[in-house]
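Quick note: the first sequence uses the numbering used here, first residue 20, plus one each step. The beta-carbon is built from N, C-alpha and C at its ideal position, and this holds for glycine as well.
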Amino acid sequence: MNGKKVTSITSKHDNLTQWYTDVCLKAELMDYAQAKGFIVYRPDGYALWEEIQNYLNKKFKGYGVRNVYLPSLIPMSLLNKEKEHVKGFAPECAVVTKGGNKTLAEEMVVRPTSETLFCDHFKDILHSYNDLPIKYNQWCSVVRWEKTTRPFLRGAEFLWQEGHTLHESEVEAREFALTILRTYNEMGRDLLAIPFVCGRKPASERFAGAKDTYTIEALMPDCQALQCGTTHYLGTSFSEAYNIRYSNKENKIAYPHYTSWGVSTRLLGALIMVHGDDEGLVLPPYIAPIQVTIIPIRPDADKAILDNCKKLKSQLEEHGIRVTLDNSNKTPGWKFAQYEMKGIPLRIELGPKDLEKKQFMLTRRFDGAKIAISLDAPVDAVIDQLQEIHKGMYNKALQFLNEHIHEVHSFDELGEVITKSQGFAKIMSSNDPEEEQKIKEAFNATPRVIPFDQSPFSDTDPITGKKAEDVVFYARAY
RNA sequence: UGAGGCGUGGUGCAGCUUGGUAGCACGCUUGGUUCGGGACCAAGAGGUCAUGGGUUCAAAUCCCAUCGCUUCAACCA
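Shown next, in the form of structure tokens:
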């Protein structure tokens, strides 16, 4: 330490917002672009998105979902057909009014979501019940003209996947929307090491035009909730509005049941927030594009040092572990700090002292633990450590979540949880719109989720005095 | 949309009050010495000071306008 740090970041505890921005920039995940609200996804950031894509593509294909790509522009008249939907999205649409230097006869909207385009296509390709179900997904970007933007968490343009499916029955459609939600939840558990609260959205928070919206909600370190993914059962209203019809088994005209679902690069925001620390990014092992970095110490002292590093690298690679070897002439200290900033889960050091003992040093980014490993059997040790770290990170996040869910029995108790940033306030609710409004005005909190795991603890809503319908989680949200 | 902060080599900043034609640190390049927690020496490259207009013999500096970025509050993945 001599005050010549290449980079330095704000403390996470002192100022979460500044810390977050610092990490995004300095871990080289993104950069700001010229246009307001737009960002450059840099290789280390995009690689995280690619890991998410790999994970989900595999799962989706297992469900018979096929990838497609539809245009990025939507004619205004097409968007306007489903009135609830357009009402929800119109305020944040970017609109193209000119083509070349000619004013367009009809304005085009840059897609904020693609239900309308899918509908327009579905009406052409669906004829018979034999064509169902139709399960499509597209990886693309969407544009929403946000006023206030933050890297990954809220941008004018973001990357996502949007799935669109048609089914014969409501039961099948809802089932499928829930299957996808479960898949998102498992991705949190197995890839991102982020625990989610799974459930339904209350009516006021549903997707524009949806009959039901299912959600995965995460809790950030400042105790604000972050909606990380949603799946929607849209009923037949889109089918009817866009005239998607087919002949059923009885040779009658029928409208298919529609689902749509998506996760976005916002997940990267969650990943950074949940796991990061004052040294920078901390990546869970299975999403980390680089899982292990090998740093030779004094490679000039003995040729065997570098040879062993190279051997180690290929041994690990043979077992599918993602490894880099940094033999640049930066000093070890610089490399340590750099790879900590970038969140790489494991660091291997190998120098003269290790060579003597036929070992190498393994350091865990997650908790700083340092272990000496024999050069005779490196692979199992590394695999074990990756697994250990993943478990450790998930459990830590889970513990944080569980410690920040508070059962409340009155308006004031709810307010206390919210205003003191204690997390989710769990209340027995009658789902009354006026009650929601009152809470929102008083505490700036909204009902985030009606969890699937209900376990009611009272029969009445303590605020309205009416019969309680659901356990509802309130929180402030991003 | 409301309130603040900021625009000067790649990055972070100083210079502006009191106008005289741009400087520091880090980074980058080359060579050498180094290497177990952000190394050092030497020599280099790199900026029409966000944009437009105005005042002036002279503007990074003063005046007007515009644009952008960013932070905090209200809405959406």
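- Excluding its 5 nearest sequence neighbours in each direction, residue 101 has C-beta neighbours in its own chain below 6 Å: 228, 257 and 260, listed in chain order.
- Closest by C-alpha distance to residue 355, out of 458, 298, 375 and 490, is 298.
- With three or more CB-CB distances shorter than 8 Å, the region 128-148 counts as touching the region 168-188.
- Counting along the chain, residue 359 sits inside the alpha helix (DSSP H) bounded by residues 351-360.
- Two segments are said to touch when three or more pairs of C-beta atoms, one from each, lie closer than 8 Å; by this definition the region 220-240 touches the region 467-476.
- Between the C-alpha atoms of residue 270 and residue 276 there is a straight-line separation of about 17 Å.
- According to the DSSP secondary-structure assignment, residue 444 is paired through a beta bridge with 425 and 493.
- About 4 Å separates the CB atoms of residue 405 and residue 304; that is less than 8 Å, so the two are in contact.
- Comparing alpha-carbon positions, the option among 280, 162, 263 and 343 lying closest to residue 332 turns out to be 343.
- Taking a cut-off of 8 Å for Cβ pairs, the region 305-325 and the region 355-370 touch, as three or more such pairs fall below it.
- For residue 112, there is no enclosing alpha helix (DSSP H), since its DSSP letter is neither H nor E.
- Beta-bridge pairing by DSSP links residue 392 to 379.
- Only residues of its own chain outside the window of five on either side were considered, and among them 480, 483, 485, 486, 487 and 488 have a CB closer than 7 Å to the CB of residue 449, listed in chain order.
- Considering only 113, 28, 146 and 145, the residue with the shortest C-alpha distance to residue 130 is 113.
- Taking a 10 Å sphere around the C-beta of residue 175, we find 16 or more other C-beta atoms and assign the residue as buried.
- By the criterion of at least three beta-carbon pairs nearer than 8 Å, the region 418-431 is not in contact with the region 388-396.
- Residue range 189-206 is occupied by the alpha helix (DSSP H) that includes residue 195.
- With contacts defined as CB atoms closer than 8 Å, residue 408 and residue 385 qualify as a contacting pair.
- With fewer than 16 other CB atoms across the displayed protein chains lying within 10 angstroms of its CB, residue 418 is exposed.
- Residue state for residue 384 is assigned as coil, using DSSP reduced to three classes.
- Approximately 5 Å separates the beta-carbon atoms of residue 496 and residue 244; this is inside 8 Å, confirming the contact.
- Residue environment for residue 50: exposed (fewer than 16 other C-beta atoms within 10 angstroms of its C-beta).
- Residue 34 has its alpha-carbon roughly 19 Å from the corresponding atom of residue 437.
- Residue 324 is not a Cβ neighbour of residue 381, given a cutoff of 8 Å.
- Note that the C-beta distance between residue 413 and residue 214 is below 8 Å.
- Cβ neighbours of residue 200 within its own chain (closer than 7 Å, five residues either side excluded): 217, 233, 235 and 250.
- Of the candidates 372, 211 and 490, 372 places its Cα closest to the Cα of residue 320.
- In this model, residue 262 and residue 156 are separated by some 21 Å (Cα to Cα).
- According to the DSSP assignment, residue 177 belongs to the beta strand (DSSP E) that extends over 176-186.
- Distance from the CA of residue 154 to the CA of residue 125, rounded to the nearest whole angstrom, comes to 31 Å.
- In this structure, residue 43 lies away from residue 306, with their beta-carbon atoms at least 8 Å apart.
- Residue environment for residue 279: buried (at least 16 other C-beta atoms within 10 angstroms of its C-beta).
- With contacts defined as CB atoms closer than 8 Å, residue 89 and residue 64 fail to qualify as a contacting pair.
- Here residue 294 is buried, its C-beta having at least 16 other C-beta atoms within 10 Å.
- Just so you know, the alpha carbons of residue 433 and residue 82 end up roughly 41 Å apart.
- Across the structure, residue 87 and residue 204 are spaced so that their CA atoms are roughly 24 Å apart.
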